[in-house]
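**Q**
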Amino acid sequence: MTDRDDKTKDAPVVGRRDVLRGAGAVGAMAAAGFGANQARANVLQANDANSPFGEFRDQWFANTHHSWFEFPSADPDVLHIYGYTDETSYAQGDVVDVHVSTSAATYDLTVYRDGAQRDVVFEQTGLPGVHHTTPDDAYLNGPRWPVSIEIQSSADWRSGGYVIELRAAGTDGQEIVQHGFFVLRPAKAGANKIAFVLATTTWQAYNDWGGSNFYEGVAGPDGNAFSPITSTRRPWARGFIFQPPGLPRIIDTAPRPIGSKPRYPTLDYAYAHGYCKYFAGAGWASFDSHFARWADGEGYGLDYFAQDDLHRNPDLLKPYKTVVMVGHDEYHTQEEREALDSFVEAGGNLARFGANVIWQARREDGQLICYKARAVDEDPVRNDPARKHTLTTAWEAMDLNLPPALTWGVNGLRGVYMKMGGFQPRATGGYTVYRPKHWALEGTDLYYGDVFGQDAAIAGYEGDGLAYTFRYGQPYPTGEDGASKDIEIIAMALAGMDEEDHGNPETYLYARDGDLSFSAKAILGADTEENRAKLRYGSGMIVNMSKGQGEVFNAATTDWISGLRDRDPFVEIITRNVLNKFTA
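Residue numbers (the numbering used here): 7 to 590.
1. Would you please state the rounded distance, in angstroms, between the beta carbons of Ala-562 and Ile-580? I believe it to be under 8 Å.
2. Which first and last residues belong to the alpha helix (DSSP H) in which Asp-302 is found?
3. Quick one: give me the first and last residue of the alpha helix (DSSP H) that Arg-272 is part of.
4. For Tyr-281, which residues of its own chain have a beta-carbon under 6 Å away from its beta-carbon, when the five flanking residues on both sides are left out?
5. Give me the Cα-Cα distance between Gln-180 and Glu-494, rounded to the nearest whole angstrom.
6. Between the region 420–431 and the region 515–528, can you find at least three pairs of beta-carbon atoms closer than 8 Å?
7. What distance in whole Å lies between the Cβ atoms of Pro-234 and Cys-376, which are believed to be in contact at a cut-off of 8 Å?
8. Report yes if the CB atom of Arg-173 is closer than 9 Å to the CB atom of Val-183, and no otherwise.
9. Could you tell me the boundaries of the alpha helix (DSSP H) in which Thr-581 lies?
10. Counting pairs of beta carbons, one from the region 354–362 and one from the region 398–405, are three or more of them closer than 8 Å?
11. Please report the straight-line C-alpha distance between Tyr-270 and Tyr-467, rounded to a whole angstrom.
12. Between which two residues does the beta strand (DSSP E) containing Lys-553 stretch?
13. Just to confirm my understanding: we take Asn-537, look at its own chain, exclude 5 residues before and 5 after, and list those with CB closer than 6 Å. What are they?
14. First and last residue of the beta strand (DSSP E) that includes Ile-155?
15. His-105 lies in the beta strand (DSSP E); which residues open and close that run?
16. What are the partner residues of Val-558, as DSSP defines its beta bridges?
17. Which residues in the same chain as Asp-83 place their Cβ atom closer than 8 Å to its Cβ, once the five residues preceding and following it in sequence are excluded?
18. Which residue from Glu-505, Tyr-118, Thr-206, Ala-122 puts its Cα closest to that of Leu-522?
19. If contacts are defined as beta-carbon pairs under 8 Å, then Asp-309 and Ala-201 qualify, I think. What distance do you get, rounded to the angstrom?
20. Does the region 127–142 come into contact with the region 101–119, if we say contact requires no fewer than three beta-carbon pairs (one atom in each stretch) closer than 8 Å?
21. So for Trp-365, helix, strand or coil by DSSP?
22. In angstroms, rounded to a whole number, what distance separates the CA positions of Val-387 and Ala-197?
23. Measuring only the C-alpha atoms, how far is Lys-540 from Ala-403?
24. Between Ala-312 and the rest of its own chain, which residues show a CB-CB distance below 7 Å, the 5 nearest in sequence each way excluded?
25. Which same chain residues, not among the five before or five after Phe-285, have their C-beta less than 6 Å away from its C-beta?
26. Taking Tyr-168 as the reference, which of Ser-568, Arg-119, Leu-412, Val-422 has the closest Cα?
27. Using a threshold of 9 Å, state whether the C-beta atoms of Val-330 and Val-558 are closer than that.
28. Taking only the alpha-carbon atoms, compute the straight-line gap between Leu-447 and Asp-81 and give it to the nearest angstrom.
29. Within the continuous alpha helix (DSSP H) that includes Ala-345, where are the two ends?
30. Identify the continuous beta strand (DSSP E) that holds Thr-5 and give its terminal residues.
31. Does the structure place the region 290–310 close enough to the region 156–163 that three or more beta carbon pairs sit under 8 Å?
32. When the Cα atoms are used, what is the spatial distance from Trp-290 to Phe-248?
33. Taking 8 Å as the limit between beta carbons, can you name the residues of its chain near Pro-511, skipping five residues before and five after?
34. Just curious, the alpha helix (DSSP H) that Gln-313 is in, first and last residue?
35. Tell me which residue opens and which closes the alpha helix (DSSP H) that Gly-569 is part of.
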C-alpha cells in the first residue's frame with residue numbers, strides 16, 4: 007500500500023493507554039466524540055472470545071480514517087499478554103529468546119510449525135507471569151523487556167514458519183491469546199532447491215504495535231504522524247501471525263448495486279473486533295502462510311528465510327536453484343535487492359507470487375527506516391553523497407532512478423490498487439490471458455481472452471505493472487518506465503492510483519488519490535494534471551523475463567496466494583509449472 011500519512015494527519019488518534027484486552031479501537035471512538043462506555047459497547051468484538059462487549063455490525067462513520075493501536079495497559083488488573091523474539095529468524099539449533107509481559111500470574115507457551123499440519127515442537131504450562139512497564143517509545147525502540155524464556159531449537163525442527171502461542175487466564179476465567187513468530191532457517195543452506203524468502207521487511211513496515219508504523223501513528227510534534235523509524239524488536243500486532251477462519255480480505259467481493267458506497271471489509275472488521283487496522287495488509291497469516299501450507303501439501307521442499315537474512319548475508323542464496331517470494335512484498339533494503347539481482351544474474355531463478363514493490367528501506371541497529379514521500383526533505387542521507395543512494399523513497403523516483411522492473415520485471419507505481427473500495431469494485435478479480443501459449447500456462451487449457459482466478463479474486467488488492475501499448479491484440483512494454491522491452495506480458499488486470507468518488511450517499515474514500523500526487527512529482531518531475539493522467543490508470547501484470555543467466559516469473563498480485571488457498575485449478579497449475587521448470 008502506498009503512502010498514507012497525508013491522508014490521516016487530521017484523523018483522530020487513539021490514546022495508546024486506552025486499550026482494552028489488546029483491542030485498540032476504543033480511543034478512536036472517544037476521540038470522535040463518543041463517551042468511553044458507548045465506545046466500548048459499540049466497538050469491541052461481539053463474536054470474539056476476547057471480548058464481552060456488544061456487537062458492531064456496520065461501517066462506522068469515517069472509520070476508514072481513524073487510527074487505533076495496540077499498547078499494553080498500565081493497569082495490572084487488566085488482563086493482557088504480549089511477547090516477541092530478539093530476531094526475525096534463527097538457524098536450526100539456535101536458542102530462541104522470548105520476551106513476555108503479562109498481567110496474569112502464570113501463562114502457557116506453545117511453539118508450532120505452521121505448515122500443512124500444525125506441528126507442535128515445544129510446550130510449557132504454568133510459566134510465571136511478570137508485568138513489565140512498556141515505554142511510550144516502544145514503536146521506535148522496542149519495549150526492552152527482559153528475556154522470559156529461552157527455547158532451544160533442534161536440528162529435528164524443520165525449516166519453516168514457527169508460531170509462538172501465548173495464553174493467559176484471569177481470575178474471572180477469561181482467557182486471552184497472543185501470537186509471536188520466528189523463521190527457522192536451515193543450519194546449512196541448500197538442503198532444498200527452493201529458498202522461500204518471507205516478506206518480513208513489509209511485515210515490519212506495517213506492524214503498528216506500540217503506536218506507529220510507516221502509515222499512521224503517534225509520532226511527530228502533534229502525536230498523529232507515522233514514524234519513519236520503527237523497531238523490528240516488538241510484538242506483532244493482532245492478526246499478523248494468526249487469524250481464525252473466515253476473516254474478510256481487503257478485496258471487496260460483494261456485489262455492488264448502482265449507487266452503493268465503496269466499502270472496506272477489513273477496516274470494518276478490524277475496527278469492530280479489535281484487530282490491527284492493517285491485519286489483512288501484511289504478515290504471515292494473510293499471505294506467506296498460505297503458500298507455505300500449499301507447498302507443504304504439494305511436497306515441495308523449502309528452506310525458509312526472512313528478508314532480514316538477505317540483508318545480512320547476500321551469499322546465502324548461492325546454493326539454490328530458485329527463490330520464491332509471495333504476497334505483499336512492498337519494501338526492500340538495497341542489500342536485499344542486490345542479493346536477488348546477484349542470484350538471478352548468476353543463473354538463479356526468481357518466482358514471485360506477490361506484488362506492490364515500491365519503497366527502498368534501510369536497516370540500522372534493530373530498526374527499519376523509510377521516510378517515503380518525506381525522504382527528499384527529511385531523510386538524513388539526502389545530502390550525503392556517500393549515502394544518498396540509500397535514500398528511503400520510491401525506487402522509481404528520480405532521486406534514485408532504480409526502476410523495480412530491472413529486478414522484478416514490473417514497476418510498483420505502474421500498477422497499485424485493484425478491486426478495493428473505489429478502485430474497480432465490479433472488476434472480475436481475475437486475469438485476462440494475452441499469451442496463452444506461454445510455457446507457464448501449459449496444461450491450463452486457457453485461451454486468448456480467457457479470464458482465470460476470478461472465483462478466488464486473485465487480481466488484487468495491489469498489483470505491479472509496466473508502461474505498455476498494444477500491437478495486434480497483444481500488450482508490449484514501451485520501455486518509457488525503464489523496463490526492458492523484451493519482458494513478456496502474459497496476462498493483465500486493470501489497476502489504478504486514483505480512487506473514484508461517484509458522489510454516492512455516505513461515500514467516504516480510504517485511499518483517495520493514493521500516491522498519485524507524489525508519483526507524478528517523483529517520477530515525472532511535477533504534480534500536474536498532465537502527469538497525473540499518465541499514471542492514474544495502470545495494470546497488474548503476469549510477466550516473464552530473462553536476467554543475466556537467470557530468469558524471473560512474476561505473478562505481480564498480492565492475492566495470488568488466495569488462488570492456492572482456494573485450490574483454483576489454473577493458479578495451481580501455473581504455480582507448479584513455474585516451480586517445476588525453475589527447479590528442473
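The beta carbon of each residue, even a glycine, is placed where N, CA and C say it ideally should be. From a predicted model like this one, the values you see are computed outputs, not experimental measurements.
**A** Considering the structure as presented:
1. That belief does not hold up - the Cβ atoms of Ala-562 and Ile-580 are roughly 13 Å apart, past 8 Å.
2. 295–304
3. Position check: residue 272 holds Thr in this sequence, whereas Arg was assumed. Counting along the chain, the alpha helix (DSSP H) containing Thr-272 begins and ends at 271–279.
4. Arg-244, Gly-245
5. C-alpha of Gln-180 to C-alpha of Glu-494: approximately 56 Å in a straight line.
6. A contact between stretches requires three or more CB pairs, one per stretch, nearer than 8 Å, and the region 515–528 meets this requirement with the region 420–431.
7. 6 Å
8. Yes, Cβ-Cβ distance for Arg-173 and Val-183 is below 9 Å.
9. 575–589
10. Segments in contact, no.
11. Answer to the nearest angstrom: the Cα atoms are 11 Å apart.
12. 543–553
13. Counting only Cβ-Cβ distances below 6 Å, and skipping sequence neighbours, we find Ala-526, Leu-530.
14. Counted as a single uninterrupted DSSP element, the beta strand (DSSP E) harbouring Ile-155 occupies residues 155–158.
15. 101–108
16. In the DSSP output, where bridge partners are listed per residue, Val-558 has Leu-356, Met-551.
17. Ser-109
18. Ranking Glu-505, Tyr-118, Thr-206, Ala-122 by Cα distance to Leu-522 puts Glu-505 first.
19. 5 Å
20. Segments in contact, yes.
21. strand
22. 39 Å
23. 15 Å
24. Thr-94, Ser-95, Val-189, Leu-204, Thr-206
25. When the five nearest sequence neighbours on each side are left out, the beta carbons in the same chain lying within less than 6 Å of the beta carbon of Phe-285 are those of Gly-245, Ala-276, in order along the chain.
26. Nearest of Ser-568, Arg-119, Leu-412, Val-422 to Tyr-168, Cα basis: Arg-119.
27. no
28. 58 Å
29. 340–351
30. Residue 5 is absent from the structure shown; the chain starts at 7 and stops at 590.
31. Under the three-pair Cβ rule at 8 Å, the region 156–163 does not count as touching the region 290–310.
32. Trp-290 and Phe-248 have their C-alpha atoms some 8 Å from each other.
33. Gly-265, Lys-267
34. 313–318
35. 566–571
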